[in-house]
Amino acid sequence: MSGRTIVLGAGGMLATSLADLAQRSGVANEWSFLTQEDLDITIDSRVDAVMAALKPDWVINASGYTNVDGAESDAAAAHLLNGDAVGGLARACRKHGSRLVHYSTDYVFDGSADRPWREDDPTGPINEYGRSKLAGERALAQSGCEHLLIRSSWLYAAHGRNFVRTILDRLRSAGKVRVIDDQRGRPTCCDDLAQFTLALMDSPVRGTVHAANDGEASWCEFACAIRDLGAPDAAVEPCRTKDYPTPARRPRYSTLDLTRLQSALGWRPRHWREALRDVIERLDARGG
Ligand SMILES: NC(=O)c1ccc[n+]([C@@H]2O[C@H](COP(=O)([O-])OP(=O)(O)OC[C@H]3O[C@@H](n4cnc5c(N)ncnc54)[C@H](OP(=O)(O)O)[C@@H]3O)[C@@H](O)[C@H]2O)c1
Numbered sequence: 003m004s005g006r007t008i009v010l011g012a013g014g015m016l017a018t019s020l021a022d023l024a025q026r027s028g029v030a031n032e033w034s035f036l037t038q039e040d041l042d043i044t045i046d047s048r049v050d051a052v053m054a055a056l057k058p059d060w061v062i063n064a065s066g067y068t069n070v071d072g073a074e075s076d077a078a079a080a081h082l083l084n085g086d087a088v089g090g091l092a093r094a095c096r097k098h099g100s101r102l103v104h105y106s107t108d109y110v111f112d113g114s115a116d117r118p119w120r121e122d123d124p125t126g127p128i129n130e131y132g133r134s135k136l137a138g139e140r141a142l143a144q145s146g147c148e149h150l151l152i153r154s155s156w157l158y159a160a161h162g163r164n165f166v167r168t169i170l171d172r173l174r175s176a177g178k179v180r181v182i183d184d185q186r187g188r189p190t191c192c193d194d195l196a197q198f199t200l201a202l203m204d205s206p207v208r209g210t211v212h213a214a215n216d217g218e219a220s221w222c223e224f225a226c227a228i229r230d231l232g233a234p235d236a237a238v239e240p241c242r243t244k245d246y247p248t249p250a251r252r253p254r255y256s257t258l259d260l261t262r263l264q265s266a267l268g269w270r271p272r273h274w275r276e277a278l279r280d281v282i283e284r285l286d287a288r289g290g
């Protein structure tokens, strides 16, 4: 099993799913969850002190600058956390003999492919968020620390700020929403990604692994599925990327290839529609 593990960025969406899973799997007593307030990972001396004190077998870095549009106007902040801090953390892991799980994104690809992106396909980010995440990937590779670099996509959960909760709120309050229909990828439930993470840590697989739910969708198809499950009388209107300008460009096609994940797990990730159903049921059970 994972052994002594620290999770960084513990206030975030994915970290919350990791905490739930650690609890359910009976490993919570060996896991420590550190929020940004507990440990700001951009301060190398603090990272080193925590690593020296806790001597973890694993560090899971669930922190990140995740505001894709915000990164266009605040590239320095994105690069500091997603790039430089990852290098510092990876070097500290190497020094203290810890293994590192780090998360990256489908947005390191340019979106031009016509088949799912494999782990060794050439990267070519088209926005600052993607460039900052790629800088983190490179710093991690250069550090020489034993690691899992897990690239995922389109994360959502019953907690935190995410597409599912935003769309559901708008459908229920305004009765309609306009959503882009010409960008495709794999929506991924954070609870499932937490499960893939634990399974990968317990496997011999190291290096880069793409991890997401099965199936793919456009944002509009994803929104329609949310509508069907949670607000059946509301309307989803498709639009094109060019009609919905945002500060950051986004890849047209960012579906991740799951072959490596599937062979590491020995089972096929469930379809995003099934995971979405669970999340909406949970939201409804607790009243939103
Ligand atoms: N969201 C997606 O669709 C998506 C897709 C692919 C990959 N990923 C990657 O998956 C990982 C987790 O994403 P997420 O959506 O769960 O992120 P999230 O909800 O935005 O959480 C990120 C966490 O990082 C913390 N943080 C910010 N600055 C920090 C610092 N200097 N030191 C320590 N912690 C800091 C934040 O703390 P505060 O709450 O205090 O600010 C927040 O709790 C990230 O690496 C992200 O790039 C996300």
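Residue numbers (the numbering used here): 3 to 290.
All C-beta atoms, glycine included, are put in the ideal place defined by N, C-alpha and C.
- Within the same chain, T44 come within 6 Å of L82 by CB-CB distance, once the 5 residues on both sides are set aside.
- Just measuring C-alpha positions, the residue of A115, L41, D22, Q197 sitting nearest P271 is Q197.
- Here DSSP, grouped into helix, strand and coil, assigns V70 to coil.
- Around the beta carbon of N215, 16 or more other beta carbons lie within 10 angstroms, which makes this residue buried.
- Rounded to the nearest whole angstrom, the CA to CA distance from L23 to S154 is 18 Å.
- The segment 262 to 270 makes no contact with the segment 107 to 116: fewer than 3 CB pairs, one atom from each, lie closer than 8 Å.
- CA-CA distance, A233 to G90, rounds to 45 Å.
- For H98, the enclosing alpha helix (DSSP H) stretches over residues 87 to 98.
- Beta-carbon to beta-carbon, L20 and T199 are separated by about 7 Å, close enough to satisfy the 8 Å threshold.
- Per the Cβ contact rule, the segment 180 to 196 is in contact with the segment 144 to 163 (3 or more Cβ pairs under 8 Å).
- In its chain, beyond the 5 residues on either side, H161 have a beta carbon closer than 6 Å to the beta carbon of T18.
- Contact annotation: D184 and T257 have beta-carbon atoms that are not nearer than 8 Å.
- The beta carbon of I43 sits closer than 7 Å to at least one heavy atom of ligand 1.
- Rounded to the nearest angstrom, the Cβ distance from R6 to P58 is 5 Å, consistent with a contact under 8 Å.
- Inclusion of V103 and T125 in the CB contact set at 8 Å is not warranted, their separation being larger than that value.
- The Cβ-Cβ distance between P249 and E74 falls below 8 Å.
- In the DSSP assignment, S154 falls within the beta strand (DSSP E) that extends over 149 to 154.
- Between I62 and the set E39, G72, A51, V88, the nearest pair of CA atoms involves V88.
- The Cβ atoms of A227 and G177 lie no closer than 8 Å to each other.
- By the C-beta density criterion, S106 is buried, having at least 16 other C-beta atoms within 10 angstroms.
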